[in-house]
Amino acid sequence: MTEQRSERLPRAQRREQILVAATTAFARAGFAATSLDDVAREAGISRMIVYRHFDSKRDLYEQALARIGDIIQAATKDQISIATLESFIATAAAEPDGFQLLYRHAAREPEFNGIAEMVRRGMADATYEQIADRIGNPAWARWAADSIPVVLIETIMAWLDVGQPDPETMVDRVQSVIRGIINAARHGRDDDPSTATAAGRDQTPAP
């Protein structure tokens, strides 16, 4: 594609193209090691065109995170169910660079880890609303709610890293992991409250 032809794209379509390219470039090398020239090359356009749509590299990074966050929210509607779990995994499979950018790279970037933490906390709060009644003890319910998003994300990340094997069984595998956490929390619900509270704070089950 020549630059002259690339200019014919409508503004919204061009912006989306740049965000997709930026997501790939940032997921490959991280924020600090990726330049706007790298993003422009990934998109097949000039750096000047990137600047027409984004004020800075930081602005572009934040908008790339917002894009994948919006995609995930649209797929899950901030709910926890089998259907949304399927949508979450399907989104990760369709947007592996975006998934890794949000949950791996941004979490390690001092400038952006607050965004990743806000997303994780939102997942934990939504999970708590779904499972608290099933567990009973609030401390153990909070431990489970905090643990499930971490394990869910790391499980999907590992699955992406190894090439998405056996996609038809992935939902069942993840459900088994989630059930294991919930069962562990329910098993501990009659334990000493101080032990349960410590477990909830440390995000590790009591012995």
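In this note's numbering, the protein residues as written are 33 to 239.
Positions of the beta carbon are idealized from the N, C-alpha and C atoms, including for glycine.
When only Cα atoms are considered, residue 116 and residue 198 end up about 19 Å apart. With a cut-off of 8 Å on Cβ pairs, the stretch 132-150 is in contact with the stretch 45-61, counting three or more such pairs.
For residue 89, the uninterrupted alpha helix (DSSP H) segment begins and ends at 89-108.
Per DSSP, residue 169 is not a residue of any alpha helix (DSSP H), being assigned neither H nor E. By a beta-carbon distance limit of 8 Å, residue 100 contacts residue 130. Their separation comes to about 3 Å. Following the DSSP letters along the chain, one finds residue 53 inside the alpha helix (DSSP H) bounded by residues 43-61.
In chain order, 205, 206 and 209 place their CB closer than 8 Å to the CB of residue 187, counting only its own chain and leaving out the 5 sequence neighbours on each side. Taking C-alpha positions only, residue 180 is separated from residue 127 by approximately 21 Å. In this structure, 185 is the residue among 168, 165 and 185 with its C-alpha nearest to the C-alpha of residue 125. When DSSP states are grouped into helix, strand and coil, residue 147 belongs to the helix group.
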